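In the working numbering, the protein residues as written are 81 to 382.
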């Protein structure tokens, strides 16, 4: 029943799975009759690893009569759809100004275009974390893009080699840019880096009736005539006392996660978000536009 927050996205790629499916995960966690250690203990804990051999945690291996329903509908289903037992934080999609922006969008009108910055230093997390955070916000606001074009630059690597990223967000270090195109004709840009020094996250939405800017410090709406018609600062008090913006955002989400009165947030659509980040990494390798829907089909998801 513990609530766990993670600074790095887990899983880190669309094809990275603990098992082939939720049922397979539950089946793997059941004790085997030919395992004397499990048979003698009457259950125990079983290690879970991802495709690269990285240890993800432990799953109950109690006899099927006592735990199969909880495991199949809880952990396994969560790993398949919502990212499992570790919630990514601090999430731009769930920050306090973003929560306030949902209501303001009704006044500003439909977003037609956007750009998102997700920048920090190495101690704030990897480039993979910054990219995941930005894409999560974009997918939440606009849905799945039809195509993405992306570029990637490793930090402190020989520029004459131009090494390409792999197919996972794990271990990325450097900067990335992406252009997302949607079937509705809308489009937007993403800039992400873990080598940008100071923490900075911002969403700018170009709406029907003006521009809405959202960041960790607050939000403002500039109408079509260029007038600032609404402005609010949510973390100004924390920052004024010397507390970093990153820390303030993290404290806010930790507090909400532990408060039983706060309803759980809408879970991250890991399938779509990782399909977009995967398409961006693929585009950086091929130099061509890539479709996230292709990766979803390869992973057996619609």
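Where a beta carbon is used, it is the ideal one built from N, C-alpha and C, also for glycine. Just so we're clear, the structure is a prediction, and the values are computed from it rather than from any experiment.
Environment of residue i [buried if 16+ CB atoms lie within 10 Å]
i: residue 307; result: exposed
i: residue 258; result: buried
i: residue 156; result: Legend: pLDDT at residue 156 = 39, less than 50; position of this residue unreliable, value from coordinates given subsequently. The residue is buried, with at least 16 neighbouring Cβ atoms inside 10 Å.
i: residue 102; result: Residue confidence for residue 102 is low, a pLDDT of 39 falling below 50, so the modelled location carries little weight and cannot support an answer.
i: residue 117; result: The predicted model places residue 117 with a pLDDT of 35, which falls under 50 and marks its position as unreliable; any figure quoted below should be read in that light. The residue in question, residue 117, is exposed, as its Cβ has fewer than 16 Cβ neighbours within 10 Å.
i: residue 366; result: exposed
i: residue 183; result: exposed
i: residue 282; result: buried
i: residue 290; result: buried
i: residue 244; result: exposed
i: residue 91; result: buried
i: residue 206; result: buried
Check whether residue i and residue j have beta carbons under 7 Å apart
i: residue 204; j: residue 173; result: no
i: residue 218; j: residue 371; result: no
i: residue 189; j: residue 269; result: no
i: residue 373; j: residue 247; result: no
i: residue 231; j: residue 329; result: no
i: residue 89; j: residue 249; result: yes
i: residue 369; j: residue 236; result: no
i: residue 285; j: residue 194; result: yes
Residue i versus the options, residue with shortest Cα-Cα distance
i: residue 209; options: 274, 368, 374; result: 274
i: residue 279; options: 87, 350, 187, 324; result: 324
i: residue 165; options: 363, 85, 303; result: 85
i: residue 331; options: 91, 248, 170; result: 170
i: residue 200; options: 367, 194, 190, 213; result: 213
i: residue 81; options: 87, 353, 266, 338; result: 338
i: residue 380; options: 202, 281, 301, 96; result: 96
i: residue 192; options: 233, 266, 237; result: 266
i: residue 311; options: 304, 329, 292; result: 292
i: residue 271; options: 244, 93, 196; result: 196
i: residue 327; options: 91, 175, 89, 94; result: 175
i: residue 376; options: 355, 229, 364; result: 355
i: residue 300; options: 185, 333, 167; result: 185
i: residue 198; options: 309, 340, 277, 350; result: 277
i: residue 353; options: 304, 302, 211; result: 211
i: residue 304; options: 351, 263, 187, 167; result: 187
i: residue 234; options: 263, 264, 348, 202; result: 202
i: residue 83; options: 351, 334, 348; result: 334
Any non-hydrogen atom of the ligand MN closer than 6 Å to residue i Cβ
i: residue 233; result: Only the bare structure without any ligand can be found here, which leaves the ligand MN out of the picture.
Paired residues, beta bridge with residue i - DSSP
i: residue 310; result: 301
i: residue 191; result: 287
i: residue 269; result: 195, 259
i: residue 229; result: 259
i: residue 295; result: 282, 298
i: residue 254; result: 234
i: residue 370; result: 228
i: residue 86; result: 168
Beta carbon proximity, residue i to chain D, threshold 7 Å
i: residue 261; result: Absent from the structure: chain D. Only one protein chain is present.
Does the region 355-375 come close enough to the region 331-344 to have 3 or more Cβ pairs within less than 8 Å? Contact fails: fewer than three Cβ-Cβ distances are below 8 Å.
Check whether the region 223-233 and the region 288-305 are in contact - that is, three or more C-beta pairs closer than 8 Å. Because the criterion of three Cβ pairs below 8 Å is not met, the region 223-233 and the region 288-305 do not touch.
Pairing CB atoms from the region 171-186 with CB atoms from the region 242-261, are three or more of them under 8 Å? The answer is no - the region 242-261 does not touch the region 171-186, with fewer than three Cβ pairs under 8 Å.
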